[in-house]
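Using this note's numbering, read the sequence shown as starting at 173 and increasing by one per residue.
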Amino acid sequence: MKHPRNLGVVSHKPKIYIGTDHAGFDLKNKLVPFIKSLGYEVADCGAYVYNPKDDDPVYVAPVARAVAENPEHAKGIILGGSGQGEAIVANRFPGVRAIVFYGNSGVFSKLDIIRLGREHNDSNVLSIGARFVGLSTAKAAVKKWLAIPFSNAARHIRRIKETEAVSREVRLSEHFK
């Protein structure tokens, strides 16, 4: 496994790990300096060169692994065509709670999903559908996601614990081995 490139500044804020396949390559390269400008240290997990035939798990797994291994001090941003496949990969890692953002959700404002994902689910990975959002929308989503704290409401803590219990049960189940 390649080690991520350290691109940031020293800060008390969580370290941001970012990764993408070809579909989010250009957007990732524009988001990195933006995230740094917000005062975050950024570790770029690739792709480092544009390859239209690359596969997202190669770049998503290092991001999710870093968040899973250091949940108090790391967050992840992953990009792909829809963001869906990337979130599926990331959510395979214990303790990772990836949410998908690809713009307007219809009923709510397009950034409400970001607020709900942070406040209710304590999401620690943001998966962006790069084929559905432009740079300004992606920047707004990232900025909001990084700024919103978890609610710490008892019901939200309980739900996260229940989700983690299900995850442990599945990992330990003979049926799934």
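In this text, a Cβ means the ideal position worked out from N, Cα and C, and glycines have one as well.
Using only the alpha-carbon positions, how far apart do Thr335 and Asn293 sit?
Locating residue 335 in the sequence shown gives position 163, counting from the first residue. Locating residue 293 in the sequence shown gives position 121, counting from the first residue. One C-alpha to the other measures close to 10 angstroms.
When we look at the beta-carbon of Gly218 and count the other beta-carbons within 10 Å, is it buried (16 or more) or exposed?
Position 46 of the sequence shown, counted from the first residue, corresponds to residue 218. When all chains shown are included, Gly218 counts as buried.
For Ser308, count the other beta carbons within 10 Å of its own beta carbon; 16 or more makes it buried, fewer makes it exposed. Which is it?
Here residue 308 refers to the residue found at position 136 of the sequence shown. Burial state of Ser308 is exposed, judged by a 10 Å Cβ sphere holding fewer than 16 other Cβ atoms.
I want to know whether the stretch 261-273 touches the stretch 204-220 - three or more CB-CB distances under 8 angstroms.
no
Spatially closest choice to Gly252 from Asp227, Asn242, Glu241, Pro234, by CA coordinates:
Translated into the one-based positions of the sequence shown, residue 252 becomes position 80. Per the Cα distances, Asp227.
Within a Cβ cutoff of 7 angstroms, which residues of the same chain sit near Ala233, ignoring the five residues on either side of it in sequence?
Taking the first residue of the sequence shown as 1, we reach residue 233 at position 61. The beta carbon of Ala233 is closer than 7 angstroms to those of Val261 in its chain, skipping five residues each way along the sequence.
For Ala270, which residues from the same chain have a beta carbon less than 6 angstroms from its beta carbon, with the 5 sequence-adjacent residues on both sides left out?
Here residue 270 is taken as the residue at index 98 of the sequence shown, counted from 1. Only Ala259, Ala262, Asn263, Val297, Ser299 meet the Cβ criterion.
I need the straight-line Cα distance from Tyr189 to Pro243, nearest angstrom please.
Within the sequence shown, the letter at position 17 stands for residue 189. Within the sequence shown, the letter at position 71 stands for residue 243. One C-alpha to the other measures close to 12 angstroms.
Tyr274 classed as buried or exposed, judged by whether at least 16 other C-beta atoms fall within 10 angstroms:
Taking the sequence shown and counting its residues from 1, the one referred to as residue 274 is at position 102. So Tyr274 ends up on the buried side.
What residue from Gln256, Asn201, Lys202, Pro229 has the CA that sits closest to Phe304's CA?
Here the question's residue 304 lines up with position 132 in the sequence shown. Nearest C-alpha to Phe304 among Gln256, Asn201, Lys202, Pro229: Gln256.
State buried or exposed for Ala326, treating a residue as buried only when at least 16 other CB atoms are found within 10 Å of its CB.
Sequence index remark: in the sequence shown, residue 326 carries index 154 (1-based). Per the 10 Å Cβ criterion, exposed.
Check for me: the beta strand (DSSP E) holding Ser299 runs from which residue to which?
Against the sequence shown, residue 299 aligns to sequence position 127. First-last of the beta strand (DSSP E) with Ser299: 297-301.
Alpha-carbon spacing of Ile320 relative to Arg237, whole angstroms
The sequence position of residue 320 within the sequence shown is 148, counting from 1. The sequence position of residue 237 within the sequence shown is 65, counting from 1. Spanning the two alpha carbons is a distance of roughly 23 angstroms.
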